[in-house]
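Q: Right, I'll just put the structure down here and ask away after.
2 protein chains.
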Amino acid sequence: MAGQHHRHPHDHDVDAELERILSALRDDGGRVTTGRRAVVRALLTADDHHVTAEDIAATVQRDHPDVHLSTVYRTLEALESRGIVGRVNLGTGSAVHHLMDHAHHHLVCDVCGSVTEVDDDAFTELRAEMERRYGFAMSPQHLAVAGRCADCR
Amino acid sequence: MAGQHHRHPHDHDVDAELERILSALRDDGGRVTTGRRAVVRALLTADDHHVTAEDIAATVQRDHPDVHLSTVYRTLEALESRGIVGRVNLGTGSAVHHLMDHAHHHLVCDVCGSVTEVDDDAFTELRAEMERRYGFAMSPQHLAVAGRCADCR
DNA sequence: ACCTTACTGCGAACAACTTGCGTCTGAGGA
DNA sequence: TCCTCAGACGCAAGTTGTTCGCAGTAAGGT
Chain A
1 MAGQHHRHPH
11 DHDVDAELER
21 ILSALRDDGG
31 RVTTGRRAVV
41 RALLTADDHH
51 VTAEDIAATV
61 QRDHPDVHLS
71 TVYRTLEALE
81 SRGIVGRVNL
91 GTGSAVHHLM
101 DHAHHHLVCD
111 VCGSVTEVDD
121 DAFTELRAEM
131 ERRYGFAMSP
141 QHLAVAGRCA
151 DCR
Chain B
154 MAGQHHRHPH
164 DHDVDAELER
174 ILSALRDDGG
184 RVTTGRRAVV
194 RALLTADDHH
204 VTAEDIAATV
214 QRDHPDVHLS
224 TVYRTLEALE
234 SRGIVGRVNL
244 GTGSAVHHLM
254 DHAHHHLVCD
264 VCGSVTEVDD
274 DAFTELRAEM
284 ERRYGFAMSP
294 QHLAVAGRCA
304 DCR
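Heads up: the protein sequence lines correspond to chains A and B, in order.
With the numbering used here applied, the first sequence has no gaps in its numbers, which climb one by one up to 153 at the end.
With the numbering used here applied, the second sequence has no gaps in its numbers, which climb one by one up to 306 at the end.
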């Protein structure tokens, strides 16, 4: 065991989850490389769990300076195609990525750009309605609702 | 009065609405030019009322070949900042624009990319919930819901 | 240890806008 | 009607965020 540098109280949780995710990737025919490990770790330890590709690259490059931005993009794509991470694309600027640990949606503030998670259960009624009226199957993820957050009102 | 070319049964409605919109623009300090008139007309007559900037440019350029794409973008921006048109940005590809004639939202199919309008009233309950739980004021427009449409399921 | 072949770094390509610049023009006023 | 001048235009060049082609590297099954 032992030492990654800078251990924190919850590093065990992070490490366990990290390995769980990486095995899922490996079991699906993917390979686990230093870069990929670092990208997943960055996603796990990101403050608000919603980060851009460049955020991830910046974090990763603190420890591994030659992991290229395009590797981050390719890793995110590999994880997305396996349903491990999700992408939120609020029109302006870069897309934001997050682990799909639980079904949730996003309230995106038009003013400050902050992203708030909303549990999927708030949407069950709406989902049923869209299904009934339009035969449309709402994705359980990826939904971004624009508006104005409490702070910016 | 009289003749634009190629008159159709509902051209009067279109023309009336066109002038209404252009006056709103003019009353707000904007200027009405040939290009802007053509852009608004393209929005009014678009088949599904949800068009990309390039769609608009293509339509406009049939009659006015030297209206530049950048003029279309600038006109759309002018109209958006005045709340006359709205923009839907489904992650992939170009943004789609539409007149804000009534409050509605969008069901965007992940597979075929089709956009279905949903009246805002389906969202009143959800809006109240977001307000109550997070103090978040959902925009009455611009909401795009990802998923799979009836045809693609 | 060996052999596939997925993954990588790098730079160049790409799509969708956005902007700087010099010219032109709509529309309120003299 | 004519002036004038900020707002709008055409054009080309620039930005931004993301993807791709290539040749080299290294996972991981055998």
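Glycine residues also receive a C-beta, built at the ideal position from the N, C-alpha and C atoms.
Because the structure is a prediction, the values reported are computed rather than measured.
#1: Measure the Cβ-Cβ separation of residue 243 of chain B and residue 300 of chain B and say whether it is below 8 Å.
#2: Assign residue 239 of chain B to one of three DSSP states: helix, strand, or coil.
#3: Tell me, please, which residues DSSP counts as bridged to residue 147 of chain A.
#4: For the stretch 118–135 of chain A, enumerate the residues whose C-beta is nearer than 8 Å to any C-beta of chain B, in chain order.
#5: Just to make sure I have the definition right: I need the residues of chain B whose C-beta is within less than 7 Å of the C-beta of residue 138 of chain A. Which are they?
#6: Could you say which of A:134, A:153 and A:141 lies nearest to residue 302 of chain B if we only look at CA atoms?
#7: Where are the alpha helix (DSSP H) runs, 4 residues long or more, that stay fully inside the stretch 55–84 of chain A, in chain order?
#8: Kindly list the residues whose CB is nearer than 8 Å to the CB of residue 171 of chain B, restricted to its own chain and excluding five residues on each side of it in sequence; keep chain order.
#9: Mapping DSSP to helix, strand and coil, what is residue 12 of chain A?
#10: Between which two residues does the beta strand (DSSP E) harbouring residue 96 of chain A extend?
#11: Consult DSSP for residue 7 of chain A and reduce its assignment to one of helix, strand or coil.
#12: Terminal residues of the continuous alpha helix (DSSP H) containing residue 39 of chain A?
#13: Using a cut-off of 9 Å between C-beta atoms, extract the partners of residue 110 of chain A located in chain B.
#14: By DSSP, does residue 181 of chain B sit in helix, in strand, or in coil?
#15: Let me know if residue 248 of chain B comes out buried or exposed under the rule of 16 or more other beta-carbons within 10 Å of its beta-carbon.
#16: Return helix, strand or coil for residue 272 of chain B, following the three-state DSSP convention.
#17: My understanding is that residue 69 of chain A touches residue 78 of chain A, with C-beta atoms under 8 Å, so please give their C-beta distance in whole angstroms.
#18: Name, going along the chain, the residues of the stretch 77–110 of chain A whose beta-carbon falls closer than 9 Å to a beta-carbon of chain B.
#19: Could you check how far apart the C-beta atoms of residue 278 of chain B and residue 125 of chain A are, in whole angstroms? I think they sit under 8 Å.
#20: Kindly indicate which residue of B:266, B:183 and B:245 has the alpha-carbon position closest to the one of residue 235 of chain B.
#21: Verify the CB distance criterion: does residue 269 of chain B have a CB-CB separation below 8 Å to chain A?
#22: Along chain A, in chain order, which residues have C-beta atoms closer than 8 Å to that of residue 206 of chain B?
#23: Thinking just about the alpha-carbon of each residue, which of A:130, A:145, A:128 and A:136 is nearest to the one in residue 289 of chain B?
A: Quick answer:
#1: Going by beta carbons, residue 243 of chain B and residue 300 of chain B fall outside the 8 Å limit.
#2: strand
#3: DSSP lists A:109 and B:291 as partners of residue 147 of chain A.
#4: 118, 122, 123, 125, 126, 129, 130, 133, 134 and 135
#5: 298 and 300
#6: A:134
#7: 69–81
#8: 190, 193, 194 and 197
#9: helix
#10: 96–99
#11: coil
#12: 34–45
#13: 292 and 295
#14: coil
#15: exposed
#16: strand
#17: With 8 Å as the limit, residue 69 of chain A and residue 78 of chain A do not qualify as a contact, their Cβ atoms being about 15 Å apart.
#18: 87, 88, 89, 90, 91, 92, 95, 107, 109 and 110
#19: 6 Å
#20: B:183
#21: yes
#22: Going along chain A, no residue has its Cβ under 8 Å from residue 206 of chain B, so there is no contact; the nearest lies around 13 Å.
#23: Of all alpha-carbon atoms in A:130, A:145, A:128 and A:136, the one lying nearest the alpha-carbon of residue 289 of chain B is that of A:145.
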